[in-house]
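Line by line, the protein sequences give chains B and P. Residues 1 to 367 (the working numbering) make up the first sequence, in order. Residues 1001 to 1367 (the working numbering) make up the second sequence, in order.
2 protein chains.
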Amino acid sequence: MKSHKVKIPARKAGKYEITIGSGILPSLWGTIQADFRESGKFIVTDANLVSAGHLEGLLGGEKALSYIIKPAGEVSKTIGTVVSIIEAMEKAYLGRDTFVVGLGGGTVGDIAGFAASVFKRGVRVVHIPTTTVAQADSAIGGKTGVDSSLSKNAFGAFWHPSAVYIDVGTLGTLDERQYRAGLVESVKHALIADSEYFGLIEANIDAILARESAILEKIAELNCRIKGRVVETDPYEQNMRRILNYGHTIGHAVESASGYKLLHGEAVGIGIIGAGLIEVEMGLSDGGRLEKIRKILGKLGVPLGLGEDFAENELIDLIRRDKKAVNKWPKFVLLSEIGQVYCRDGQWAADVELSVVERVLQKLKQS
Amino acid sequence: MKSHKVKIPARKAGKYEITIGSGILPSLWGTIQADFRESGKFIVTDANLVSAGHLEGLLGGEKALSYIIKPAGEVSKTIGTVVSIIEAMEKAYLGRDTFVVGLGGGTVGDIAGFAASVFKRGVRVVHIPTTTVAQADSAIGGKTGVDSSLSKNAFGAFWHPSAVYIDVGTLGTLDERQYRAGLVESVKHALIADSEYFGLIEANIDAILARESAILEKIAELNCRIKGRVVETDPYEQNMRRILNYGHTIGHAVESASGYKLLHGEAVGIGIIGAGLIEVEMGLSDGGRLEKIRKILGKLGVPLGLGEDFAENELIDLIRRDKKAVNKWPKFVLLSEIGQVYCRDGQWAADVELSVVERVLQKLKQS
């Protein structure tokens, strides 16, 4: 018996720039053409973006290869859509010099990023997020993925973008429910990392809901700083990055159990309250903190609890299927205070007993 | 307009060990259980391996979660098979602590590796290659992929294994055609990197065809050294790694155009002769070298040319779709002598005019 060792050098360290502004969309196509050498630029967007005029806003009169996801939304975030995109790129004879441009919300970014990660073993991608949830969260950090028939993001890759361009002006066309739901991710960032940011949201909630550019740019910048810092520390989610998952363990299960009738941000809002209830159960909070959180989520107008038609055993089953589950049960990210995640023995996610989660799900149904 | 930079640290450098022996299969399940901590071991194999007794050989009497690809072979190397594997892992409630064990030929390894690369954004994999082509080539180097309806490996990822275990004893059950076709990849390694190795194959061709363990272990070791060295230098195929693609540009097109009736190694054999004809056309060879190569491939009994039913325009179209194509035309890896790839201006792949390739395809049809 002989053995031979193969050494794999580290992939090069990289960095990417997030550009934030209001009304910058019309200049971006020129920027992308100038900054990235790949000849095969390929836009992935969805039907909503086309009808809102943003694809035209990006391109001006220019022509470009593109794939329009139809229907828009979570229902299209499937491996089948990725297969269609890959085949569209092949039909256009695109090769390894393909460069994907994702224009749209979180769903578009997840699909475009994953398609880029697997096409011909990986091509580059930039994101132009156009929703509150994508600008706050999903466009930054390199997580991509699509759903299987059984669970969210069963397929995925860590695939960092080469740049992100945030035009808060694109939020103007977002429908009210989507707009408000996406702000939950901003609340989450404040909760896990920055109590002053939480205060800023509380103090400016009316301007935020009125979609005033100045406050939206400020929020975008704070979100990028917080998420960027976490991603830099732990780009491949070995440990600390999990704090970004606050509210998401219950949130993902609720989103799935609703048959995606709840928006991602709405489900995460319920998940944040669920995490708050776990904190109370475990003695990490006296309940006053949870009331502050309920109050701000209430102003956003997102649901604060589960309807009667949610079955606890289905939710528990979905929680077991969580991507981060080990031995069929995930750990939970919890807060020790606003702006501070509970960390014990260097672990940023805590063991929570099944019975505690069951009690919390019952309470969520009563609220 | 503001900007914010996110820095992505390099992924850690890694290494993996290739273990080579004869009759080691029955010990490997214990080795894997002892060496890798993940609880969710999941075997991906195919119907041929089961009927050859190798799944039982690996497991002894032990039980393990597994997915058996049916039918075996290139026809199952599709994104649909990957979807089935992912959903089987989900149904078993496997999470991020899944550890995939690929047992089989190149097709199994490509599928198992790609499934591991995308499941929950990536889990670890080890390969136990059981064919001449997989032991020589595909198990080493981290390339994974599956075909779309339009081309080979349209979906894929670079996903390095955590270990590779080569038992040359498993080659005993391989059918004669598969066995011989797979040896073409060993000839390719000799051609691109080691003229002494080419001499060793010439001198020992009878023992090789008789499947004698000692020479098979020697060949396995030389293949691993050559491929390992290239992969270490260029793990993500930025430049030099392309030399491994010798014979593959025409080979992939021929394989696809045959409707996968030609085995991968058989198609690569034709591609190697095609590359040799290009070398003659371009004045890189006087033809004597090509005759030596034809002679050894002839002893392997693989086809040395194209049948009349291959359409040149279809082959050209498929060559245009090559994953490495830039501006719809790939570069070609060529030899300057046996054991030495032609390199000019630091480039390991050369520009070849369309008309040259067209002439070479005509000659391949006449041979």
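Every residue gets a Cβ at the ideal spot worked out from N, C-alpha and C, and that includes glycine.
Output the boundary residues of the beta strand (DSSP E) element that contains residue i.
{"i": "residue 167 of chain B", "result": "163 to 167"}
{"i": "residue 1002 of chain P", "result": "1002 to 1008"}
{"i": "residue 66 of chain B", "result": "65 to 69"}
{"i": "residue 1046 of chain P", "result": "1040 to 1046"}
{"i": "residue 396 of chain B", "result": "A query on residue 396 of chain B cannot be resolved here, the shown segment of chain B reaching from 1 to 367 and no further."}
{"i": "residue 128 of chain B", "result": "124 to 129"}
{"i": "residue 17 of chain B", "result": "14 to 21"}
{"i": "residue 1337 of chain P", "result": "1335 to 1337"}
With a Cβ-Cβ cutoff of 8 Å, do residue i and residue j count as a contact?
{"i": "residue 290 of chain B", "j": "residue 361 of chain B", "result": "no"}
{"i": "residue 167 of chain B", "j": "residue 339 of chain B", "result": "no"}
{"i": "residue 36 of chain B", "j": "residue 94 of chain B", "result": "no"}
{"i": "residue 1146 of chain P", "j": "residue 1081 of chain P", "result": "yes"}
{"i": "residue 139 of chain B", "j": "residue 1013 of chain P", "result": "no"}
{"i": "residue 1006 of chain P", "j": "residue 156 of chain B", "result": "no"}
{"i": "residue 1304 of chain P", "j": "residue 1294 of chain P", "result": "yes"}
{"i": "residue 385 of chain B", "j": "residue 162 of chain B", "result": "As shown, chain B starts at 1 and ends at 367. That puts residue 385 of chain B outside it, with no answer to give."}
{"i": "residue 164 of chain B", "j": "residue 18 of chain B", "result": "yes"}
{"i": "residue 1016 of chain P", "j": "residue 1044 of chain P", "result": "no"}
{"i": "residue 1134 of chain P", "j": "residue 1169 of chain P", "result": "no"}
{"i": "residue 977 of chain P", "j": "residue 1208 of chain P", "result": "As displayed, chain P neither begins before 1001 nor continues past 1367, which places residue 977 of chain P out of reach and without an answer."}
{"i": "residue 1110 of chain P", "j": "residue 1077 of chain P", "result": "yes"}
{"i": "residue 1113 of chain P", "j": "residue 1235 of chain P", "result": "no"}
{"i": "residue 256 of chain B", "j": "residue 363 of chain B", "result": "no"}
{"i": "residue 1250 of chain P", "j": "residue 1348 of chain P", "result": "no"}
{"i": "residue 174 of chain B", "j": "residue 107 of chain B", "result": "no"}
{"i": "residue 1144 of chain P", "j": "residue 1103 of chain P", "result": "no"}
{"i": "residue 1047 of chain P", "j": "residue 1072 of chain P", "result": "yes"}
{"i": "residue 1237 of chain P", "j": "residue 1020 of chain P", "result": "no"}
{"i": "residue 254 of chain B", "j": "residue 241 of chain B", "result": "no"}
{"i": "residue 306 of chain B", "j": "residue 269 of chain B", "result": "no"}
{"i": "residue 344 of chain B", "j": "residue 350 of chain B", "result": "yes"}
{"i": "residue 79 of chain B", "j": "residue 115 of chain B", "result": "no"}
Can you say whether residue i is buried or exposed, counting buried as having 16 or more other CB atoms within 10 angstroms of its CB?
{"i": "residue 1266 of chain P", "result": "buried"}
{"i": "residue 1030 of chain P", "result": "exposed"}
{"i": "residue 1101 of chain P", "result": "buried"}
{"i": "residue 89 of chain B", "result": "buried"}
{"i": "residue 1002 of chain P", "result": "exposed"}
{"i": "residue 354 of chain B", "result": "exposed"}
{"i": "residue 1271 of chain P", "result": "buried"}
{"i": "residue 1308 of chain P", "result": "exposed"}
{"i": "residue 247 of chain B", "result": "buried"}
{"i": "residue 1096 of chain P", "result": "buried"}
{"i": "residue 39 of chain B", "result": "exposed"}
{"i": "residue 228 of chain B", "result": "buried"}
{"i": "residue 1321 of chain P", "result": "buried"}
{"i": "residue 1245 of chain P", "result": "buried"}
{"i": "residue 1075 of chain P", "result": "exposed"}
Starting from residue i, follow the alpha helix (DSSP H) in both directions and report where the run begins and ends.
{"i": "residue 1141 of chain P", "result": "Premise fails: residue 1141 of chain P is in no alpha helix (DSSP H) and is neither H nor E."}
{"i": "residue 227 of chain B", "result": "213 to 233"}
{"i": "residue 1295 of chain P", "result": "1288 to 1300"}
{"i": "residue 1264 of chain P", "result": "1264 to 1281"}
{"i": "residue 116 of chain B", "result": "106 to 118"}
{"i": "residue 1026 of chain P", "result": "1025 to 1035"}
{"i": "residue 1186 of chain P", "result": "1176 to 1193"}
{"i": "residue 154 of chain B", "result": "Careful: residue 154 of chain B lies outside any alpha helix (DSSP H) and carries neither H nor E."}
{"i": "residue 80 of chain B", "result": "79 to 91"}
{"i": "residue 1314 of chain P", "result": "1312 to 1320"}
{"i": "residue 1361 of chain P", "result": "1354 to 1366"}
Is residue i close to the ligand MG? I mean its beta-carbon at under 7 Å from any heavy atom of the ligand.
{"i": "residue 1241 of chain P", "result": "As for the ligand MG, it is missing from this structure, which has no ligand bound."}
Near-chain B residues of the segment 1085 to 1109 of chain P (beta-carbon distance less than 8 Å), N- to C-terminal order:
1086, 1087, 1090, 1091, 1093, 1095, 1096, 1097
Per the contact definition of three or more C-beta pairs closer than 8 Å, is the segment 53 to 62 of chain B in contact with the segment 22 to 36 of chain B?
yes
How about the segment 1335 to 1351 of chain P and the segment 1271 to 1284 of chain P: do they share at least three Cβ pairs that are nearer than 8 Å?
yes
Name the residues in the segment 1003 to 1019 of chain P whose C-beta lies less than 7 Å from a C-beta of chain B; which are they?
1003, 1004, 1005, 1006, 1007, 1008, 1009, 1010, 1011, 1012, 1013, 1014, 1015, 1016, 1017, 1018, 1019
Near-chain B residues of the segment 1149 to 1168 of chain P - C-beta to any C-beta below 7 Å
1149, 1150, 1151, 1154, 1155, 1156, 1157, 1158, 1160
Pull out every residue of the segment 25 to 45 of chain B whose Cβ sits closer than 7 Å to any Cβ of chain P, in chain order.
39
Counting Cβ pairs closer than 8 Å, one from the segment 307 to 324 of chain B and one from the segment 208 to 217 of chain B, do we hit at least three?
Because the criterion of three Cβ pairs below 8 Å is not met, the segment 307 to 324 of chain B and the segment 208 to 217 of chain B do not touch.
Using a beta-carbon distance cut-off of less than 8 Å, what residues from the segment 302 to 328 of chain B approach chain P?
320, 321, 322, 323, 324, 325, 326, 327, 328
May I ask you to list, following chain order, the residues of the segment 1110 to 1139 of chain P that have a beta carbon less than 9 Å from some beta carbon of chain B?
Cβ proximity to chain B below 9 Å picks out 1114, 1117, 1118, 1119, 1120, 1121, 1122 from the segment 1110 to 1139 of chain P.
Cβ contact check for the segment 256 to 264 of chain B and the segment 176 to 186 of chain B: 3 or more pairs under 8 Å
yes
At a Cβ cut of 7 Å, what residues of the segment 192 to 208 of chain B count as close to chain P, listed as they run along the chain?
none
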